[in-house]
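The structure under discussion appears below in the form of structure tokens.
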Amino acid sequence: MKSILLGPLAVLLVAGAMGLQRHGTELRARHELDALRPLAAQADRLAREIEAWRLLDLDTAELDRLRARKLDLLRLRGEIGDLRQAARLTPDAAQRELHELHNRADTAEAEAQRLEGIMQFDDQSRESMTSLNLALQMALIGARTAGGLPPASWDDIRERLARSPPEFPGWTDAQRDQARRHWLEQIERLPADRFEVLPSIAPDGANLDAALRSNHTLLLRERTPRPHPDGGWVRAYGFLSGRVAEAISPDGDFTAWERAETTPDGPP
211 MKSILLGPLA VLLVAGAMGL QRHGTELRAR HELDALRPLA AQADRLAREI
261 EAWRLLDLDT AELDRLRARK LDLLRLRGEI GDLRQAARLT PDAAQRELHE
311 LHNRADTAEA EAQRLEGIMQ FDDQSRESMT SLNLALQMAL IGARTAGGLP
361 PASWDDIRER LARSPPEFPG WTDAQRDQAR RHWLEQIERL PADRFEVLPS
411 IAPDGANLDA ALRSNHTLLL RERTPRPHPD GGWVRAYGFL SGRVAEAISP
461 DGDFTAWERA ETTPDGPP
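Following my numbering, the numbering of the sequence shown begins with 211 at its first residue and continues without gaps.
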């Protein structure tokens with residue numbers, strides 16, 4: 211993707227180099243025009259000769275020779291036109307064109323960097339939310355053990371699952387043991403250092419059922435906010451109800467957002 215975005219920039223830089231060449235070759239172009247004036251006369255003479263021979267009954271070899279001379283004629287006229295165009299570009303015009311090319315190159319580079327930053331942020335955001343969902347699943351399993359008390363830390367969650375996994379109707383001892391090993395393996399794979407458990411704002415056991423039905427009890431929070439490409443900071447949260455969300459703060463302070471989200475009559 212990056213190579214695609216920088217393609218227009220490469221074109222602009224090449225155009226800038228062409229502008230410098232025009233500026234540096236102005237005098238040479240004029241001298242070459244003087245040298246090419248006889249060629250121009252020769253080209254006109256060739257054109258008249260070709261037209262005259264065209265009216266005659268010529269053999270194949272002669273026609274091939276004239277076709278080759280006609281190609282020379284077209285090439286000479288093209289070279290003369292290019293040199294005349296170069297001679298018309300004054301030093302001031304070349305400087306203005308070069309300045310404009312630099313401005314366009316700077317704009318293209320800035321836009322390419324902005325788009326690259328957005329792509330990187332989107333990738334990081336998707337990865338963070340995927341990890342948060344898995345971490346929240348493990349935290350919720352831990353919240354359903356040890357009498358229903360919300361976990362206080364990742365160590366607390368590990369100890370709960372190792373000691374007594376949640377009871378599910380109809381499960382055999384072998385199934386519970388297999389589930390316990392699976393969940394403990396999942397916890398070890400989690401980037402737990404990226405998400406902190408928030409026991410201070412979790413409800414007590416008596417209110418756990420109500421909290422599970424509510425969207426206002428925070429359980430996990432991304433430890434370090436991430437910079438947003440358009441400014442500000444982003445932080446991911448997981449709720450005891452299973453909901454996940456990303457909050458945006460212009461200055462990195464998420465206190466007001468957390469207060470609003472944990473108020474029953476605040477945002478759902």
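For each residue, glycine too, the CB sits at the ideal point set by N, CA and C.
Exercise. Could you give the DSSP three-state label for residue 464: helix, strand or coil?
Key: The answer is coil: DSSP assigns residue 464 none of H, G, I, E or B.
Quiz prompt | Burial state of residue 338, where buried means 16 or more other Cβ atoms lie within 10 Å | solution = Flag for residue 338 reads buried.
Exercise. Could you check if residue 398 is buried or exposed, using at least 16 other CB atoms within 10 Å of its CB as the buried criterion?
Key: exposed
Practice problem: With a cut-off of 8 Å on the beta carbons, I'd call residue 450 and residue 360 a contact; round off their distance for me. | Solution: 7 Å
Self-check item: Straight-line Cα distance separating residue 427 from residue 401
Solution: 22 Å
Quiz item: Span of the alpha helix (DSSP H) holding residue 364?
Solution: 364 to 373
Self-check item: Inter-residue Cα distance where the pair is residue 323 and residue 437
Solution: 15 Å
Self-check item: Residue span of the beta strand (DSSP E) that contains residue 394, given as start and end
Solution: Segment 383 to 399 is the alpha helix (DSSP H) holding residue 394; no beta strand (DSSP E) there.
Exercise. Can you tell me which of the three DSSP states residue 413 falls into?
Key: Low confidence applies to residue 413: its pLDDT is 48, below 50, so where it sits in the model is not reliable enough to give any reading.
Self-check item: Cβ-Cβ distance between residue 394 and residue 373 below 8 Å
Solution: no
Exercise. Could you spell out the range, first to last residue, of the beta strand (DSSP E) harbouring residue 448?
Key: 443 to 449
Exercise. Below 8 Å on the Cβ atoms is my guess for residue 343 versus residue 444; work out the distance and round it to an integer in Å.
Key: 16 Å between Cβ atoms; not a contact.
Quiz item: Among residues of its own chain, excluding the 5 on either side of residue 464, which ones have a beta-carbon nearer than 6 Å to its beta-carbon?
Solution: Counting only Cβ-Cβ distances below 6 Å, and skipping sequence neighbours, we find 445 and 457.
Quiz item: Cα separation between residue 326 and residue 302?
Solution: 36 Å
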